[in-house]
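With my numbering applied, the sequence shown corresponds to residues 214 to 486, in that order.
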Amino acid sequence: MLINPRRKFVLHTNSKCGGTTLRLWFFDTLGLFENRLNPFTEFSLYGPALYARFLTRPSLTLAILRDGHDLPSTDVRLLSRSYEKHVSSRFRATAERERWPSILVTRDPASRLVSAFYDKFCGEDVNKPWVREVVHAASPGETITFNQFLDWLSTADLDNVNPHWIRQSRIVDRHRIDHLIKLEEINERFNELVPLTGGKRDFFLDNRRQQSPTSKGGAGAQITPDTPNTEIIAFHREHGVHPGKKVLLTPDTASRIAKIYARDYAALGYTAG
């Protein structure tokens, strides 16, 4: 939860829902990138803890001096965690009591899940312990297929799994949401909110990042929901992108995802299939 105490609004984010770009947009509404000659100015107003984060993380300062919108994703996450801990936490009660407008960005559950599968099981994170833990729970071997991943999810507690495939609608259950925005409509909807939030118009057209780009052509047609992730990794190594999402989103897998994430489809206004 990121809270802007100047504009008085709250931003909720979900993993695999444009989070890096959303966080950059949020810091843009604070004016962080307006005075690149003194990147400490805005954040020094929010207390010494966040100010100290800049002093102890030179890459943040250097990136903002160059162009804050080019901050590496790892630094964006670091800055977000620090801001949430040292700033948002101080204004949470006030925001709730005064009913500051709240924004939540969501994504089509099927598209989000394929993106998460590609990113975590077919990307740089594949050997991280928490990823391997899912592989070993879902598969008898050292590889995992998309169908095996769905098998595992079908019996998992979706409120207590990794943020990349956790149930999105849990935020709706726990918080008052005034503006529910679909990632698929993000630029238009956020342009409508500029009078409330500040920030630049068309920010998401100019700054959107994509961690798991997919093929736009017919390449990857040989990939199916039963293809081991190691073969998808090999495809990515050869082509520089993952196969198009449609190779994993068959009628059968789309139906399974609709059942697994039924609460998301019902609460967030998406149609399965």
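Note that beta-carbon positions come from the ideal geometry of N, C-alpha and C, so glycine has one too. Remember, predicted model here, so these are calculated numbers, not experimental data.
Span of the beta strand (DSSP E), counted from its first residue to its last, around residue i
i    : result
N217 : 215–217
V327 : No beta strand (DSSP E) contains V327, which is instead part of the alpha helix (DSSP H) from 322–334.
K395 : 392–395
Reduced DSSP secondary structure (H/G/I, E/B, other) of residue i
i    : result
T358 : coil
K298 : helix
R249 : The predicted model places R249 with a pLDDT of 47, which falls under 50 and marks its position as unreliable; any figure quoted below should be read in that light. Residue state, collapsed to three classes: coil.
V374 : coil
I379 : coil
S286 : helix
I436 : coil
K229 : coil
L317 : strand
V223 : strand
H349 : helix
Neighbourhood of residue i by C-beta distance below 6 Å, restricted to the same chain and skipping five residues each side
i    : result
T466 : P438
L393 : L317
N442 : F334, C335, T356, I357
N360 : P438, D439
V385 : A480
L363 : R469
Sequence-distant residues of the same chain with beta carbon closer than 7 Å to residue i, five excluded per side
i    : result
A323 : L462, A467, I470
V407 : R414
V289 : T233, R236, L237
A351 : I357, Q361, F362, D364, W365
G482 : none
Extent of the continuous alpha helix (DSSP H) run through residue i
i    : result
D465 : 464–473
A162 : Because the chain in this structure spans residues 214 to 486, residue 162 falls outside the shown range and cannot be described.
R186 : Since the first and last residues shown for the chain are 214 and 486, residue 186 lies out of range.
Proximal residues to residue i (C-beta, below 8 Å), its chain only, five neighbours per side dropped
i    : result
H377 : S228, K229, A329, D332, K333
D372 : I379, R380, R383
Point to revise | contact_flag[the segment 216–226, the segment 302–311] where n(CB pairs < 8 Å) is 3 or more | key: A contact exists between the segment 216–226 and the segment 302–311.
Practice item. Count the CB pairs spanning the segment 474–484 and the segment 333–352 that are closer than 8 Å, and state whether there are at least three. Key: No, they do not touch.
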